[in-house]
Structures are given as structure tokens and as C-alpha cells.
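Colleague:
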Ligand SMILES: C[S@@+](CC[C@H](N)C(=O)[O-])C[C@H]1O[C@@H](n2cnc3c(N)ncnc32)[C@H](O)[C@@H]1O
């Protein structure tokens, strides 16, 4: 892990830390370094600017007597720039304790304080009063954009999927409603998420869903894996790894380096054999309480993907894998009970939730004891659960 990613991780975790812990972070890393992490994040989160007149806004981040000024130049159809304060025409100054910005970005989604910044609107009078209406409107719009970057937005994953260009909603697939329901308990956590399959066809780099996950999991570290090198996508909290999901050894090596993961999503080749190899290699690296997601179960029925023609998917398919997990979930109920210690999946599959074409496998402790083996007919009769046999 580089120093930068160690710092990023510490800043993210500070979102739910005490004032004293955040002060400790600032003492160790310095205000400059922490502000750089925060500004990267603000730039990633900002909504698209709507003001057609460029506006320069200052964000003053304070810590005790220290102060760091960052000036953002915001205008429609251009990436937001951080510019030199010298020569900028600052229309608004927002002053905030740096600890408050850490909490706004990396605290819980419902973390809101009634007031956590000072605002100086139009610190100097515009040179030409005739410009005032336009300056006022553009400054308000640009301020809205900057504040959007300083918050954890309420998220509709479907809208986010469409905005980033993923096919998880409103394409051939309708997955994001399921994701939103299944992922809600993880949203505020500093999750580590791995998605197999980064996407991007016809020479496009892809990364739509990785950006969507980074946006949704505002404290998360997102990893993607693809056959093709997509490391140009790398940015804070998002890392694109190269490898083949059909290579169990390579998967274990990457999981040793970057895992364990809270969430793994298989949106790769959708070859049935690959789905099984990846599950067997990576499920052991999912944390207890985490989820393993398999998309595109329909290929269980497509022979060209190694699926089965007809109405009953075979044991080698993704649906066959899910059926075997249901058997493992109920291994204590089997008669006779299996001999020997439980397998990884018997021991740790705690739930299997299947929606059309997508499955969520929950990892946990599959520890409920089944009905004891000695509960024979006599014992059931003693309980009054069945009538005694007639003589
Ligand atoms: C459907 S796209 C992923 C789309 C992306 N997850 C999204 O929602 O925007 C499938 C990706 O899987 C990758 N892929 C195909 N076979 C693979 C393999 N054996 N190992 C890893 N990635 C593979 C492809 O290169 C492609 O980028």
C-alpha cells in the first residue's frame, strides 16, 4: 500500500471518528495532505456545473489557527478546475472546519449539522452593476455545484447507473433496484468492493459501474478486474486490476493482496465455468457479513456460455451452483447428515437470495443446529407431534 492510499484510508475512516482522532490525523499527516485528499473527493462528487458564466469560489478549510484556501473555477461543459487564488475573481468564500468536511464526505449518509460553514457571498462588488443579475445567478448555481461535492447525496442507483453509462438499469437488465435494497446496510461502511468485469467496448475504457459504486459507497474502496488493462481508470478509491477470472490462482493472489472484500460482484464473462471458478476462489475472501453477487444467471440456459438447453439448468451452471449452495445451507437437515467437517460453503453460506438473473449470496455463520439425529418416531410421539403407531 502506498503512503497515499494509507492516508486516504485513514481520512475515510475519520469520517466517523472523534474530534481528537481527526486532530491526530491532521497532526500526523498535515493540513495540506488531508486537504488534497478531500479536494479530490469533492471534485469527484460535484454535480455537472450548470452556470454558463465562469465562477470562482473559495473553500477555506481551517484547523485551529491554520487555514488552507482552495479556489474552484466552475462553468458548464468544463471539468471543474482548482486554480491559483492569485488572479481569480472570487464570488463566494465558504469557510469550514476541516473536521466538518471530513464528516460531510466520509461520515454517515445521515450526518447533517444545521450549520457547519461560514459564507461570504460576493465579497467584492462586481465591476459593472449591469452584470449583477448574471453574476448572482451564476454564483448561486456554482455554489450549488460545489456544495453537491461536499455532501453524501441521496442516491437512486438506477439514475446513477444511467448517468455513468452502466448497463445495470434500463438496458437489458433491471438490477439496480435489487442492488439498492441489498446494499443499503453497507452504504455507510468503509467497504472493500471487487467487481469482475469493468466493461468498455470498441476501444472505450469502461469503468461505468466502478464509478457508480465509488459514488454510492462514499467511504468505499472499489476494485475492478478485467482481462484488459484498464489501469488508466485508477483514481483515489478506485483501482482497476488486470487478470482472468478463469484463473483461480491469479484470483487468490489478488484477493491476498487487496482483500478481504465486503462485496464481490461477478459481471465478467458470464461463462458458467468462469462463474464457478471465481466463486470458489473468491468466496473464501468475502468477509463474514459480506455479499457475493452473480449477475446474468440467464447464461445458465445458453449452451454457448456452457449453459444447459431446455428447462432445467445443469449442475455445472450458475443456477446449478446456486442450487448446490441451497443444499449446503441446509446440510444440517440432511438425512443422513454429511460426515466430516463442513465445507467452506456449508459452514459460511448464510443466505441465498435470487431475483431474476441476479443472485446475492450472504456470508455468515451457518451455525443453527438441525433436528438432532436421535429424534426418531418414538421421540416425536413423546412430543405429541405424531400419533403413536397403531398396534
Ligand atoms: C458486461 S462487461 C462489464 C460491465 C460493467 N461491470 C458495468 O456494469 O459497467 C464484461 C467485462 O468482463 C470482461 N471479461 C470478459 N472475460 C473476462 C475474464 N475471463 N476475466 C476477467 N474479465 C473478463 C470484459 O472484458 C468486459 O469488460
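Residue numbers (our numbering): 2 to 392.
C-beta atoms are modelled at their ideal positions from N, C-alpha and C, and glycine is treated no differently.
What you are looking at is a predicted structure, and each value in this text was computed from that prediction instead of being measured.
Let me know the secondary structure DSSP gives residue 119 once reduced to three states.
Modeller: Three-state result, residue 119: strand.
Colleague: Would you list the residues sitting across from residue 226 in a DSSP beta bridge?
Modeller: Per DSSP, 197 and 242.
Colleague: Checking the sheet assignment: what are the DSSP bridge partners for residue 94?
Modeller: DSSP lists 59 and 121 as partners of residue 94.
Colleague: Less than 8 Å between C-beta atoms, sequence neighbours within five positions excluded: which residues of the same chain meet that for residue 3?
Modeller: Interpretation of residue 3 is limited by its pLDDT of 48, a score under 50 that renders its predicted location unreliable; the figure taken from the coordinates is listed afterwards. Correct list: empty, nothing qualifies.
Colleague: For the alpha helix (DSSP H) containing residue 135, name the first residue and the last one.
Modeller: Segment 133–149, the alpha helix (DSSP H) holding residue 135.
Colleague: Report the option in 215, 195 and 244 whose CA atom is closest to the CA atom of residue 261.
Modeller: The shortest C-alpha separation from residue 261 is found at 195.
Colleague: Looking at the structure shown, is residue 212 part of a helix, part of a strand, or coil, going by DSSP?
Modeller: If DSSP states are grouped into helix, strand and coil, residue 212 belongs with the helices.
Colleague: Are at least three pairs of beta-carbons, each pair with one atom in the segment 316–332 and one in the segment 267–285, less than 8 Å apart?
Modeller: Yes: the two stretches touch, three or more of their Cβ pairs being nearer than 8 Å.
Colleague: Using beta-carbon positions only, say whether residue 52 and residue 79 come within less than 8 Å of one another.
Modeller: No; because the gap between Cβ atoms is not below 8 Å, this pair is not in contact.
Colleague: Could you spell out the range, first to last residue, of the beta strand (DSSP E) harbouring residue 69?
Modeller: That run of the beta strand (DSSP E) goes 67–75.
Colleague: Starting from the Cα of residue 377, find the closest Cα among 107, 386 and 347 and give me that residue.
Modeller: Looking at the Cα atoms, 386 is the closest of the given residues.
Colleague: Can you look up residue 371 in the DSSP assignment and give me helix, strand or coil?
Modeller: Residue state, collapsed to three classes: coil.
Colleague: Residue 110 to residue 315, Cα distance in whole Å?
Modeller: Computed Cα separation, rounded: 43 Å.
Colleague: Please work out which residues of its chain come closer than 6 Å, Cβ to Cβ, to residue 193, disregarding the five sequence neighbours upstream and downstream, and give them in chain order.
Modeller: Contacts found: 222, 262 and 263.
Colleague: Locate the beta strand (DSSP E) running through residue 293, then write down its first and last residues.
Modeller: Run containing residue 293: 287–296, per the beta strand (DSSP E) assignment.
Colleague: Under a Cβ-count criterion, where at least 16 other Cβ atoms within 10 Å of its own Cβ denotes burial, should residue 143 be classed as buried or exposed?
Modeller: Residue 143 comes out buried.
Colleague: Drop a sphere of 10 angstroms on the beta-carbon of residue 182, count the other beta-carbons inside from all chains shown, and report buried for 16 or more, exposed for fewer.
Modeller: Exposed, by the Cβ-count rule.
Colleague: What's the C-alpha gap between residue 46 and residue 28?
Modeller: Straight-line Cα distance between these residues: approximately 26 Å.
Colleague: Rounding to the nearest angstrom, what Cα-Cα distance links residue 213 and residue 207 in this structure?
Modeller: Cα to Cα, residue 213 sits roughly 12 Å from residue 207.
Colleague: Going by other Cβ atoms of all chains shown within 10 Å of its Cβ, with 16 needed for buried, is residue 125 buried or exposed?
Modeller: Classification of residue 125: exposed, given that the 10 Å Cβ count is below 16.
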